[in-house]
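Residue numbers are given in the working numbering: position 102 of the sequence shown equals residue 106, and the series is strictly consecutive.
Built from N, CA and C at the ideal position, the CB exists for glycine as well.
Okay, so here's the structure we're looking at.
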Amino acid sequence: MPPSSFLLTNGIALSIALAIVGLVVALILIRKIVGADAGNEKMHAIASAIQQGAKAYLNRQIFAVSLIAVLIFAAVWYLRDGITAAGFVVGAVCSLAAGYIGMMIAVRANVRTAQAASVSSHAALKVAFNGGAVTGLLVVALGLLSVGVFYLIVKGMTHGTEHAAKHAIDSLVGLALGSSLISVFARLGGGIYTKAADVGADLVGKNEQNLNEDDPRNPATIADNVGDNVGDCAGMAADVFETYAVSLIGGVLVGHLTVGTDAAVIYPFVLCGLAIIASLIGIGWVNFVKQEATASLVCGVAVSGIVSSALFWWATSSIFGASLKIGALEVPSVNIFYCAAVGLIMTLLVVWITNYYTSTHHKPVRMIAKASETGHATNVIAGISIGNQATLLPVLAIAASIWCCFDLAGLYGIAIAVVSMLSLSGIIISLDAFGPITDNAGGIAVMSGLPESVRKITDELDAVGNTMKAVTKGYAIASAGLAAMVLFGSYVEDLQAFVGHKVYFDLMNHKVVIGMFVGGLLPFLFTSFCMSAVGSAAGAVVLEVRRQITAKPGILNGTDLPDYAQCVSIVTSAALKQMIVPALLPLVFVIGMSYAGMEALGGVLIGTIVTGLFVGISMTSAGGAWDNAKKYIEEGNHGGKGSFAHQSAVTGDTVGDPYKDTAGPAVNPMIKVVNILAILIIPIVFKAAVK
């Protein structure tokens, strides 16, 4: 079958049009959420405090990050060119916008979810999910729009020159760096904020004062609820926006370097555009088909995957016809479709695997809960064990995907699998943002004294949301592992194209091995800074909560009001101050090791990818399992709330909090920053190697 001239001519324009459709649907959902019933005056007051705290933190974070971004922008402009620097700004602004707007809707959806729970469980599910869908659609729509429009503008500016397409693709590396760097700051700052508040609130509230989750007498309660939004909404949105944009750019770059045809460059754009249609159908499924909460959300993802596969089949045959040439090989176009199918299958596999290790319905979480009966130490030991074990299946799945796709279509096949996997981000991020919305809804229900029947529904949705958050973190890290492989391949291909000869990364070369050791060290050093930041900030919250309870004993019997604003101020300052050093570590390592040579820098990339993948999966899985083990006990198992097992589980949960919401997820954008920066500096530091 010959290729279709329509998609070859209009593929990128079509994808941009579909991204605009995604934005329009997001605006419709925003209007629908804002127009929903926001409950009584007390509920509105609590929600308003959460909104103000979240907005104040993000405004301060944007100001702090902007100062650093200006310096990097100037460096990119000076060392590369103005167009690449402009791409850096576009990536940074869109990454911030996706997280900021999504979070501002989430903090309005939370109170409306609590109110909808007084009507029915499905009504509350719809409000919470639609609030999450706004973030999901913003991520994919802004990601696709920014990359597509910037590519077309730069290509149009250089139209008629010999290397117009190559120049346009090279400029996208700046956009990738901007989105990745902002993602690291958003993930770190939001993660430190949310877990410092959460751990501080739990250590005093639950362990010392025997207060329930979200008890209004706990001075750190509002800070805890704010943290859910700045970490799991804004932070996760920036994280997956970066992975989505970087994967799309990686697919375009590899297509240009290894295949060298317009079809290979257009195809990744078309996949992302068509997947928006599939995500919209999945969102419609959750809204209009009444099912139990977990089944509804999982079916929404499955429906999106099935629709995507059908659309991808059509797009593959339309763009490539019967076959394409990759190097000297003639590859059947069906092989490219199989690679896209591998990406969709990987998405479903990662969802299933992460759900197994973090859901209360399966053995790993129940094993941790059982271990809690014998003490705090045995709970922690069991959690670390499960986290390490949870690396097995995802890594085997990633390895199998790489092997399969490379055999089918080389590095381009792996790139297409990554693009396909990330193309479902619209529906996947809807699940993630659903988590903090339902968590906040439960807190508002408790603090405003809503009936037990309402709290029962919000608690059930919160438990589902907790699993969904763990699932999406697993998805983000697994996709990062695949994407990093593509970026390393891009580094090698771009490096060889620049220096004009083959570059070999031989394990007998001492520079490669040294680079691998240094790169392997980076994720451990990076996560140690993250954990330390949460620990010190949480300690400050603990001291403040104790101070307030001692100074105002009436707080515990309801005659005095806690000073919520002071705890919010403490974690805001701590998060902004302590995110700087770990966020800049990747830049220091890459630039420093680049002077050891291109082989050493390649070793750094491989070392960072391998250890970062294991550290990220282990930490997020262990943290999610610890959290749900506590929830499983609170459901009445192993003695229920207040029991010795529950106290042990709370300890495990507080250890797991920075694992799953700060250090583990932040490894994902950190890996990408290392790889993208390496690609960006090739023409700057390796000029002497050009032949």
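Does residue i pass the burial test, meaning 16 or more other C-beta atoms within 10 Å, or should it be called exposed?
i: T563; result: exposed
i: L547; result: exposed
i: I32; result: exposed
i: M161; result: exposed
i: T225; result: buried
i: R35; result: exposed
i: R551; result: exposed
i: L748; result: Absent from the structure is residue 748, since the part of the chain shown begins at 5 and ends at 695.
i: E456; result: exposed
i: S189; result: What sits at residue 189 in the sequence shown is Phe, not Ser. Counting Cβ neighbours within 10 Å, F189 comes out buried, since at least 16 surround it.
i: H642; result: buried
i: A21; result: exposed
i: H514; result: exposed
Under 8 angstroms, do residue i and residue j count as touching if we go by C-beta distance?
i: A419; j: V678; result: no
i: F92; j: L179; result: yes
i: G478; j: I388; result: no
i: L415; j: T262; result: yes
i: I372; j: W81; result: no
i: M472; j: P220; result: no
i: N114; j: I37; result: no
i: G152; j: S19; result: yes
i: I712; j: S99; result: Here the chain has residues from 5 to 695 only, and residue 712 is not among them.
i: L192; j: M583; result: yes
i: S337; j: T351; result: no
i: T198; j: V468; result: no
i: V458; j: P662; result: no
i: A282; j: S312; result: yes
i: N561; j: V475; result: no
i: V619; j: G523; result: no
What is the rounded straight-line gap between the Cα of residue i and the Cα of residue j?
i: G543; j: P557; result: 21 angstroms
i: L465; j: T666; result: 23 angstroms
i: L587; j: V293; result: Checking the sequence shown, residue 587 turns out to be Ala, not Leu. Cα to Cα, A587 sits roughly 43 angstroms from V293.
i: F67; j: A60; result: 11 angstroms
i: V399; j: I287; result: 29 angstroms
i: I349; j: W318; result: 18 angstroms
i: M5; j: K170; result: Its pLDDT being 49, under 50, M5 is placed unreliably by the model, and nothing is read from it.
i: L207; j: M597; result: 42 angstroms
i: A569; j: K664; result: 26 angstroms
i: G137; j: G656; result: At residue 137 the sequence reads Ala, which differs from the Gly that was named. Whole-angstrom Cα-Cα distance: 31 angstroms.
i: V111; j: K506; result: 53 angstroms
i: C276; j: V290; result: 21 angstroms
i: G106; j: F410; result: 36 angstroms
i: I402; j: L412; result: 15 angstroms
i: H380; j: L333; result: 59 angstroms
i: A127; j: D232; result: 22 angstroms
i: M108; j: V230; result: 11 angstroms
i: N63; j: A101; result: 12 angstroms
i: T658; j: T554; result: 23 angstroms
i: M489; j: I613; result: 8 angstroms
For residue i, which residues of its own chain have a beta-carbon under 6 angstroms away from its beta-carbon, when the five flanking residues on both sides are left out?
i: I610; result: M520
i: E638; result: K645
i: G616; result: P527, V671 and I675
i: T382; result: A375
i: A23; result: A145, L148 and L149
i: G606; result: F509
i: E377; result: H642 and A649
i: V234; result: A58, Y61, G194 and Y197
i: V305; result: I431
i: G391; result: S622, S625 and A626
i: Y271; result: I323
Just checking my contact of residue i with residue j at CB under 8 angstroms: how many whole Å lie between their CB atoms?
i: L681; j: L591; result: 6 angstroms
i: L83; j: L301; result: Going by Cβ atoms, the distance from L83 to L301 rounds to 45 angstroms, so no, they are not a contact pair.
i: V423; j: G493; result: Not really, about 14 angstroms apart at Cβ, beyond 8 angstroms.
i: T362; j: S647; result: Contact flag wrong, Cβ pair sits at about 22 angstroms.
i: G95; j: G15; result: Rounded, the Cβ-Cβ distance is 22 angstroms, inconsistent with contact.
i: A445; j: A118; result: 4 angstroms
i: G204; j: V549; result: 6 angstroms
Leaving out five residues on either side along the sequence, give the residues of the same chain with a beta carbon under 8 angstroms from the beta carbon of residue i.
i: A480; result: M240, D243, V244, T247, P669 and N672
Only counting the same chain, and skipping five residues up and downstream in sequence, which positions put a Cβ closer than 7 angstroms to that of residue i?
i: L215; result: G209, R221 and N222
i: I87; result: V158 and S175
i: S184; result: E246, V250, P673, K676, V677 and I680
i: I686; result: D498, L499 and F502
i: V572; result: G57, I226, A227 and V230
Is the Cβ of residue i closer than 8 angstroms to any Cβ of chain C?
i: R551; result: Here chain C cannot be found, since the structure has a single protein chain.
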